[in-house]
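Protein chains in written order, with this note's numbering: chain A, 316 to 617; chain B, 234 to 1037; chain C, 39 to 207.
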Amino acid sequence: MKPPPFAYRAPESLGEALALLAEHGDDAKVLAGGQSLVPLLNLRLARPALLVDLARVPGLAGVDQRDGGLALGAMARERTLERSQLVRRLAPLLSAALPFIGHPAIRSRGTLGGSLAHADPAAELPAVAAALDAEMVVLSAARGERTVAAKDFFSGFFSTALEPDEILTEVRIPRLATGMGVCFMEVARRHGDFAMVGVAVAVRLEAGNIAEARLALTGVAQVPVRAIDAERSLVGAAPDPTRFAGVAEAVADGLEPRSDLHGSSGYRRQVARALVRRALAVASRRAAVHNSQRDLGEGDTG
Amino acid sequence: MADATQLPERDGGMSSMAPPRSDRSAVAERYTGAAVRRTEDLRILTGRASYVGDLRLPGTLDVAFLRSPLAHGRLLRIDTEAARRARGVVAVFDGAAMAKLASAGGGQASELGSAEAGPPSFTLLATDKVRLVGDPVAMVVAETRYLAEDACELIEVAYDPLPAVATAEQALDPASPPIFDDLGSNILSGPTERQFGDVAATFARADRVVRASLSQHRQQNVPMECRGIVASFDQASGDLLVHISTQGVHGVRQQLARQLGMPLERVHVRAGDVGGSFGLKFGASREEVACAAASRELGRPVRWIEDRNENLTASGQAREESFEVEAAVTNDGDILGLKVKMVIDSGAYPGIAGELVGAVQELIPGPYRISAISFSGTVVVTNKASYVAYRGPWAAETWVRERMIDLIASELGIEPLEIRRRNLAVRGEPPLEMVTGPSLAGVTARESLERMAELVKLKEFRDRQAAARREGRYLGLGLATYIEPAPGPRSPGESQDPENWERVRMRLEPDGTLAVFTSQMPHGQGHQTTLAQVAADWFGVDIEQVAVIVGDSDQVPQGFGTGGSRSATMAGGATLHAARALRVKVLEVAAQLVDASPDQLDIAHGVVVGRAPSAPTLTLAELAAAVAVGGRLPPGVDSDLEVTFAFDGGESGWSGGTHCAVVEVDAGTGLVNIERYWVVEDCGELINPAVVEGQVRGGVAQGIGAVLLERSVYDETGQYLSGSLMDYLLPTATDVPAIEIEHLPTIPLDPDVNFRGVGEGGMIVAPATLCNAIADALSSLGVRVTEQHLPPARLLELMGTVPA
Amino acid sequence: MSGPSQAISADEIITIELTVNGTPRRGYAEARKTLADFLREDLALTGTHLGCEHGVCGACTVLVDGEPARACLMLAVQAHGCEVRTIEGLAPEGTLGPLQRAMWENHSFQCGFCTPGFLMQITALLAENPAPSEAEVREALAGNLCRCTGYQSIVRGVLAAIGAPPAGG
C-alpha cells in the first residue's frame, strides 16, 4: 500500500500557497496534518498531481482570544488545542470533544482545519463547529477572504464549501454564554474510532429551567446535524428525563442515518436517541453545578 | 546419595509418585516453573529483532500482485506489455507464465494433512478463472514496491463476470456455478455421517429434544506482521535460499521443493523473528511459491512483504461454520446424546477445512458424559479466501457444546452451572473415554468448574443481577468448560504418523555451550527461553549456557514446527529426554577422563563435579576439548557429544479448564462491558508461568474480539468489505479487561513429561464464555443467542429495540 | 525547495535532512515516500515496523519533535528539519533503559512486532503524565494494537516502570 506518485511543494508564505492552488486547482490537494489524506494516498484512493504542504506557512496555527471568543489557526494541531487552557475556558465543548478524536499520535499531527475541510460525516470537529456556530475564514488568490458559517460550510458527503483554489485559514468560535454546561458523547466501535453517533450538547439554566440549548450530531447524516427545532423546544423547559426522552425521540425520528457494516440506520437512530437523552442530562447537571457555584460565589467556571 | 534430589514440593500429585532422581542434576529445578525472563526480549525491546521485512539482501527486487476485483469470473485476456516497460520493472508474470515455472499444490491443505492429489486443480496465479476478490492474477517484480504497484496499474485484464457463490447456502445449491470446473459442484466433501454409541435408543429414551441452529462467523488470524518472503535463487549453485515468516521451516522447504521440482537438499529455508501467526503461516502460499519461482527465473532475490489489505482480503480466513444441533435430554438435565450436522464454508482454494470435520466430530463431547453422538459434516467451496488454521481450528466443538448446554439449561429452567456439574465426567469413574474415542484420563474439568463456582459466588451475583434488572440494567454471568488436545492423549496408530514425533538435537559445543536444535518456530511463545529452562535443569548448566537454535532447515531436525498447542509437551519433552540422555553420555565420557564411576559424578552449573568433596572437577569446555582430540577415550565409549531424541509425547493428556465472564449490556447502545473475566485452568506442569499466562490472555483477547468486534464480511456479490483495520476491528487495551488466572494442580500421567500446551485454549473457550454471559444478561428479554458475533447493533436487534 | 511557478515533477528527488536519535541524518526520496519507509529503507532503522500502512495499528509510532506520530501517515519530506526518535534511540546500544527493563521483567511482549510502537507511545505518555493510572495507561495505548498479549502484561510493565504495581495480575 504505497502512495502513487505526486509532486510536492511546501510554500513558505500564504501567498505562495494560494498561488499554487490558483495554478493547479483541481489537480492539487492541501496537506495539513495528513491524518486523513495520507491513508487515502496509501490506499491509492486519492491521486493528486500536487500536494501543497501548509506546514511552513507562518501564522496559521495560532490559538488566540479575539472579540471574546476564539480565533484558531486552521493548522493548529488537535493535541495543542486539547492542552490549551484558553480553549478550555472559551470553548469547553471543543475541549470535551477533542479526546474522542482518534488517539494521541493522530492528534499530535491532525489539525483543526484539516478535519473540518475533510468533512468526514463521522468526525467530531464538524459537529462541534456546527454546535458553536463557528465561522470559517477562507482565502483564495482570485477572490480574497470570505467567511462561511458552519451551517453553510459542510455541503455533503466529504464535501465543503471550499473551492479548489481556496485554503481554510482560521476558525472563529464565538464564546457561548457564561454558565453553559457542556457534554460531548460518542458511541464508537472502540475507543478512538470514528463515531457511529456523536452528540455535542451545551445547556444553560436560569431559575432551574433551560434558557438556551445547543445540540449537534455527527455520524447520522452526510453533514453534521444541528438540531435547531430540538433546541427551541427545550427553551423554557425543566431539565427532566421525560422531556429529554421526548426531545431525543423527536431528534432521532428526523434522522436518516446510513447503514454500513458497523450498524444499520435503525441502530444509529436508536443510539442517537440514547445519546441525546444522556448528553442533555449530563450537560444540564453541569449547568446546574455552575449556577450553584456562581450563587455561592465560587468563581468563573466559564 | 545423601543429597538425593528430593523433588521440591510442587503441584499436588507429583511428589507422591516421584522417586528420588538419579538421572538429573542435584541443582535441577532452578528454572522449570519459574517466570524466567526471556532472552528474546533483549532484541525485541531494542528494535533489533529481525523480521523478514528487515532483511537487506543486495540486489533484492520487490513484488506487487495484481489481484482480482471480482469474486468470480473467467479471465479472458491479460496484457502486461505496458507494465513490463514501466520504470524500474524487471519482470511481469501472468498466470500462464508462472504455471510454466512452478506447480500449485494444496497450500495449507497439503501442509496440514489433506491429500493434494485430485480435484480441485488450480494454478499459482489465476489463469482461466478468478475465484475470490484478491485472487492473484499477475506478479510485478520491480526495483521497489512503490514502482511495482505503479506497474500493476498498467496491466489490462478482461474478465467475464460469473455469479458469485457468496454463501454456503448457495454453494449447497446444485444450480450454483461450479467454482472449480473439475469439482463438478461446490461441495468439496461430505455429507459424511458417523455415529458413536446407540443414538437411536438414546434419543428414544429422552424426555425431550432441544434443538438449535448455531453458527460461528468468518474471522481471521490478523497477526501484526503480515506474510513475507525473500526468495533468493543462486543460479550458479542451484541453491534456493528462502527467508520467510513461518510457523515451520521444514514444511515450507518440502512444499517448495515439490512445487518447484527441486531436490530437497537444494532448498534452504530460514526464519528469523516472526511477528505472530496464529495458524496462518504454515507451508508456502501461492504467492510465496510464485516468489521462489520468480527468483529462480531471474537469478535475483525476490521479496514480497504482504500489505494489510492483502492480508485481510486474501491470506485466509476461518471459523465460518453452521450447525444444526439436537440434544437428547432428561427433564432433570442429563445430556444423553447429540445429533450434529455441520457445514463448513471453506472459501475457494483448498485450505484445512477438510480436516476439521473429523476433529470437531471427535472433540464435541468434551469432558462430559455424553453417551451418543451422531455427526454429519459437509465442506463447501465459495468465492472467499481459503479456510486456514486459526488458533484452535476445531474450536466450534466447544462453542456449539457450551452454547447448547446453556440453551438446554434455559429450556429446563436449571442453572447452567448445575447442568455442567451434572454432566461432567468424574475422573476415574466411567466413562473413562469420550464416546468418540479419546481417553479422559487426567481430565480436571470438573475440578475447574468447582473452583470457578467458589470464585464467582453465583448466588450473590444472581441477587445483584435481579436488582440491576429492576433498574433497567442488564448484567449477565456466563461459564464455559473445555478441554484442549495439548497435545492430547495418545491414540492407537498415532505413533505411525511422523507428525506425532518431535525431535530435538542437543550438542555440547566446544566452548561448553549446550546447543539445542528444535523444529519449533517461535512466534511469541518464547521457546528460546522455555526450552532453555528445561535443558538447563535436566543437563546441569546455567541457562546462560544454553542456546536454542530455531528457524534453519539446514540445522534443525525435521518437524512440524509450532502449532497445535503441542510444543510444551512435544518439544519440552524431547528437550527433557535429550538433555537427560546427553547428560548420561557426558558423564560416561567424564568418568573416563577423571577415572571415576559415572554414578559418582554430576553436572552442576556447567561443571562436572564428583560427589566426594575432594573429587576433581572438569568444566564442560575442558571435557569437550579433551574429547575433540581423538584417542583420549577407550574404544567403545561414545565420544560424540550429541544426542537426537525423538519423542512421541509420552503419556500425554489434555489441557483444559473453565472460564467465566460477568458482563453488562448497555440497553441504549448495545455496547458490552466485561466487568470481570476469570480463568481456572490446568495446563500440566508449567515451564514458565509468565509465558503460560501470556498465551491464555492473548487467546481470550482474540475470543473477545471474535464476539464483540471481528468479522470477515462479504456482501452478496462476494465483494470483501473488511479489507482494512478500520473495518476488521481488533480489540484494544480498552476492550480487553484484566483476566484473572488460577492454575489447578495437574494429574501427572507420564513419569517425566507432564508439560501440556496452552496456546489455543483461551481462544477455544472464550467465545462461548462471553456469548453465554451476554445471553444470561438478556435472558429476561427472552433472547436466544445462537450466533457468535454479537456487536452492539446486533444486540439491539436481538433485544427488540431495533428492527432486524 | 523550488518556487511555485517552476515545473513540478512527481519524480523529483527531495533532500531530507533531519535528526534521528540525536544524530543528523540525510536521505533522498520522492515526495511520496512515507517516513516509515524512509526510516526503514533509507536510514536502515528497521526497528520501526509496518503493520497496516493506514494509521490504525500503531506499530510504526515514532516521536517527532517529542510528540508521538504514526510514521506511516507522514511523508518523509514532512520530517525535514525535525527531531525524530525511534526505538533504536531509547537506550544506548547494548543496554536497556528503565522502561525496557520493566517490560522485560514483566514479560510484556510476545512476538515483538508491535513493541516498537508501544514503547514510543509509552515514552510519550510518561513524558506528559509521569504517573498515569491503569485506566489512563489503557486509554493512552488504545491506539496501539497487539495481537499476542491481551495487553495486561504491557500495562503491568508500564505500571512497574513507574513504580506503581497494578491492582490485578
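Built from N, CA and C at the ideal position, the CB exists for glycine as well. Keep in mind it's a predicted model, so treat the numbers as computed, not measured.
Quiz item: Looking only at DSSP bridge pairs, what is residue 264 of chain B linked to?
Solution: Sequence index remark: in the second sequence, residue 264 of chain B carries index 31 (1-based). None; residue 264 of chain B has no bridge partner.
Quiz prompt | Simplified DSSP state of residue 348 of chain B, which is helix, strand or coil | solution = Looking up residue 348 of chain B in the second sequence gives position 115. Unreliable positioning characterises residue 348 of chain B in this predicted model, as indicated by a pLDDT of 48, which lies under 50. The coordinate reading is nonetheless provided below. Coil, per DSSP.
Practice problem: May I ask you to report which of helix, strand or coil DSSP gives residue 369 of chain B? | Solution: By 1-based counting over the second sequence, the position of residue 369 of chain B is 136. Shown here, residue 369 of chain B sits in a strand according to DSSP, grouped into three states.
Practice problem: Note down, one range per segment and in chain order, each beta strand (DSSP E) of at least 3 residues found wholly within the region 488 to 534 of chain A. | Solution: 496 to 502, 512 to 521, 524 to 533
Self-check item: Boundaries of the alpha helix (DSSP H) in which residue 385 of chain B is found, first to last residue
Solution: As a working mapping, residue 385 of chain B is identified with position 152 in the second sequence. Segment 378 to 385, the alpha helix (DSSP H) holding residue 385 of chain B.
Quiz prompt | Residues of its chain near residue 427 of chain A, where Cβ-Cβ distance is below 7 Å and the 5 sequence neighbours each way are ignored | solution = Indexing the first sequence from 1 puts residue 427 of chain A at position 112. These residues qualify, in order along the chain: 387, 389, 391, 393, 396, 440, 486.
Quiz item: Any idea which residues DSSP pairs residue 62 of chain C with across the strands?
Solution: Position 24 of the third sequence, counting from 1, holds the residue named residue 62 of chain C. DSSP lists C:57 as partners of residue 62 of chain C.
Quiz prompt | CB-CB length for residue 757 of chain B against residue 509 of chain B, believed under 8 Å | solution = Indexing the second sequence from 1 puts residue 757 of chain B at position 524. Indexing the second sequence from 1 puts residue 509 of chain B at position 276. 6 Å between Cβ atoms; contact.
Practice problem: To the nearest angstrom, report how far apart residue 806 of chain B and residue 880 of chain B are at their CA atoms. | Solution: The residue given as residue 806 of chain B occupies position 573 in the second sequence. The residue given as residue 880 of chain B occupies position 647 in the second sequence. Between residue 806 of chain B and residue 880 of chain B, the C-alpha separation is close to 7 Å.
Quiz item: Going by the CB atoms, is the gap between residue 463 of chain A and residue 601 of chain A shorter than 8 Å?
Solution: Taking the first sequence and counting its residues from 1, the one referred to as residue 601 of chain A is at position 286. Taking the first sequence and counting its residues from 1, the one referred to as residue 463 of chain A is at position 148. Going by C-beta atoms, residue 601 of chain A is not nearer than 8 Å to residue 463 of chain A.
Self-check item: residue 511 of chain A vs residue 577 of chain A beta-carbon contact at 8 Å
Solution: Locating residue 511 of chain A in the first sequence gives position 196, where the first residue counts as 1. Locating residue 577 of chain A in the first sequence gives position 262, where the first residue counts as 1. In contact: residue 511 of chain A and residue 577 of chain A (Cβ atoms closer than 8 Å).
Quiz item: Among B:906, B:549, B:650, B:983, which has the Cα closest to the Cα of residue 567 of chain B?
Solution: Taking the second sequence and counting its residues from 1, the one referred to as residue 567 of chain B is at position 334. With distances taken between Cα atoms, residue 567 of chain B lies closest to B:650.
Practice problem: Give the single residue among C:138, C:127, C:121, C:93 whose Cα lies nearest to the Cα of residue 198 of chain C. | Solution: Numbered from its first residue, the third sequence carries residue 198 of chain C at position 160. Ranking the options by Cα distance to residue 198 of chain C, first place goes to C:138.
Quiz item: Any idea which residues DSSP pairs residue 452 of chain B with across the strands?
Solution: Residue 452 of chain B sits at position 219 when you count from the first residue of the second sequence. BP columns for residue 452 of chain B point to B:551.
Practice problem: Would you decide whether residue 472 of chain A is buried or exposed? Buried here means 16 or more other CB atoms lie within 10 Å of its CB. | Solution: Reading the first sequence from its first residue, position 157 is the one you call residue 472 of chain A. Exposed, since its Cβ has fewer than 16 Cβ neighbours within 10 Å.
Exercise. Say whether chain A places a C-beta atom closer than 8 Å to the C-beta of residue 178 of chain C.
Key: For this step, residue 178 of chain C is matched to residue 140 along the third sequence. Cβ-Cβ to chain A under 8 Å: yes for residue 178 of chain C.
Practice problem: Output the residue ranges of the beta strand (DSSP E) runs that lie fully inside the region 746 to 799 of chain B and measure 3 residues or longer, sorted by chain position. | Solution: 747 to 751, 779 to 782
Quiz item: Would you report the Cα separation of residue 169 of chain C and residue 193 of chain C, rounded to the nearest angstrom?
Solution: Here residue 169 of chain C refers to the residue found at position 131 when the third sequence is read from its first residue. Here residue 193 of chain C refers to the residue found at position 155 when the third sequence is read from its first residue. Each residue's Cα considered, the two are about 13 Å apart.
Quiz prompt | Separation of residue 1036 of chain B from residue 662 of chain B, as counted between CA atoms | solution = Start at 1 with the first residue of the second sequence, and residue 662 of chain B comes out as number 429. Start at 1 with the first residue of the second sequence, and residue 1036 of chain B comes out as number 803. Approximately 50 Å, taken between the alpha carbons.
Self-check item: Collapsed DSSP secondary structure at residue 347 of chain A in the structure displayed
Solution: Position 32 of the first sequence, counting from 1, holds the residue named residue 347 of chain A. Three-state result, residue 347 of chain A: coil.
Quiz item: Where does residue 544 of chain B sit, in a helix, a strand or coil, going by DSSP?
Solution: Translated into the one-based positions of the second sequence, residue 544 of chain B becomes position 311. Helix, per DSSP.
Exercise. Would you mind working out which of B:598, B:725, B:382, B:409 sits nearest residue 669 of chain B, comparing C-alpha positions?
Key: Your numbering for residue 669 of chain B matches position 436 in the second sequence. Closest by alpha carbon: B:598.
Quiz item: Taking Cβ positions, are residue 743 of chain B and residue 859 of chain B nearer each other than 8 Å?
Solution: On the second sequence, residue 743 of chain B is found 510 positions in, with the first residue counted as 1. On the second sequence, residue 859 of chain B is found 626 positions in, with the first residue counted as 1. Not a contact, by the Cβ cut-off of 8 Å.
Practice problem: My understanding is that residue 308 of chain B touches residue 362 of chain B, with C-beta atoms under 8 Å, so please give their C-beta distance in whole angstroms. | Solution: Against the second sequence, residue 308 of chain B aligns to sequence position 75. Against the second sequence, residue 362 of chain B aligns to sequence position 129. The Cβ separation is near 6 Å, so the contact holds.
Quiz prompt | Minimum C-alpha distance to residue 622 of chain B - residue among B:941, B:585, B:692, B:487 | solution = Along the second sequence, one-based indexing puts residue 622 of chain B at 389. Looking at B:941, B:585, B:692, B:487, the one whose alpha-carbon comes closest to that of residue 622 of chain B is B:585.
Quiz item: By how many angstroms is the C-alpha of residue 316 of chain A removed from the C-alpha of residue 542 of chain B?
Solution: As a working mapping, residue 542 of chain B is identified with position 309 in the second sequence. As a working mapping, residue 316 of chain A is identified with position 1 in the first sequence. Near 8 Å, if we compare the C-alpha coordinates of residue 316 of chain A and residue 542 of chain B.
Practice problem: Find the residues of chain A that neighbour residue 578 of chain B, judging by a C-beta separation of less than 8 Å, and give them in chain order. | Solution: Taking the first residue of the second sequence as position 1, residue 578 of chain B is located at position 345. None at all; the shortest Cβ gap to chain A is about 18 Å.
Quiz item: Is residue 146 of chain C buried or exposed, if buried means 16 or more other CB atoms sit within 10 Å of its CB?
Solution: Here residue 146 of chain C is taken as the residue at index 108 of the third sequence, counted from 1. Buried: at least 16 other Cβ atoms inside 10 Å.
Practice problem: Taking a Cβ distance cut-off of 7 Å, strictly less, list which residues of the region 450 to 461 of chain B are near chain C, in chain order. | Solution: 455, 456, 457, 458
Quiz item: In the DSSP assignment, what are the bridge partners of residue 390 of chain B?
Solution: Looking up residue 390 of chain B in the second sequence gives position 157. DSSP output for residue 390 of chain B lists B:311 as bridge partner(s).
Exercise. Find the residues of chain B that neighbour residue 589 of chain A, judging by a C-beta separation of less than 7 Å, and give them in chain order.
Key: The count along the first sequence starts at 1 and reaches residue 589 of chain A at position 274. By Cβ distance, chain B contributes 901, 902.
Quiz item: Does the region 550 to 559 of chain A come close enough to the region 524 to 536 of chain A to have 3 or more Cβ pairs within less than 8 Å?
Solution: With a cut-off of 8 Å on Cβ pairs, the region 550 to 559 of chain A is in contact with the region 524 to 536 of chain A, counting three or more such pairs.
Quiz item: Name the chain B residues whose beta carbon is nearer than 9 Å to that of residue 320 of chain A?
Solution: Counting from 1 along the first sequence, the entry for residue 320 of chain A is found at position 5. Those within 9 Å of residue 320 of chain A in chain B are 379, 383.
Quiz item: If you check the beta carbons only, do residue 717 of chain B and residue 888 of chain B fall under 8 Å apart?
Solution: The residue you call residue 717 of chain B lines up with position 484 of the second sequence. The residue you call residue 888 of chain B lines up with position 655 of the second sequence. Cβ atoms of residue 717 of chain B and residue 888 of chain B: closer than 8 Å.
Quiz prompt | Uninterrupted alpha helix (DSSP H) stretches inside the region 549 to 599 of chain A (no shorter than 4 residues) | solution = 556 to 568
Exercise. Name the one or two DSSP bridge partners that residue 106 of chain C has.
Key: Position 68 of the third sequence, counted from the start, is the residue given in the question as residue 106 of chain C. When beta bridges are read from the DSSP output, residue 106 of chain C appears opposite C:101.
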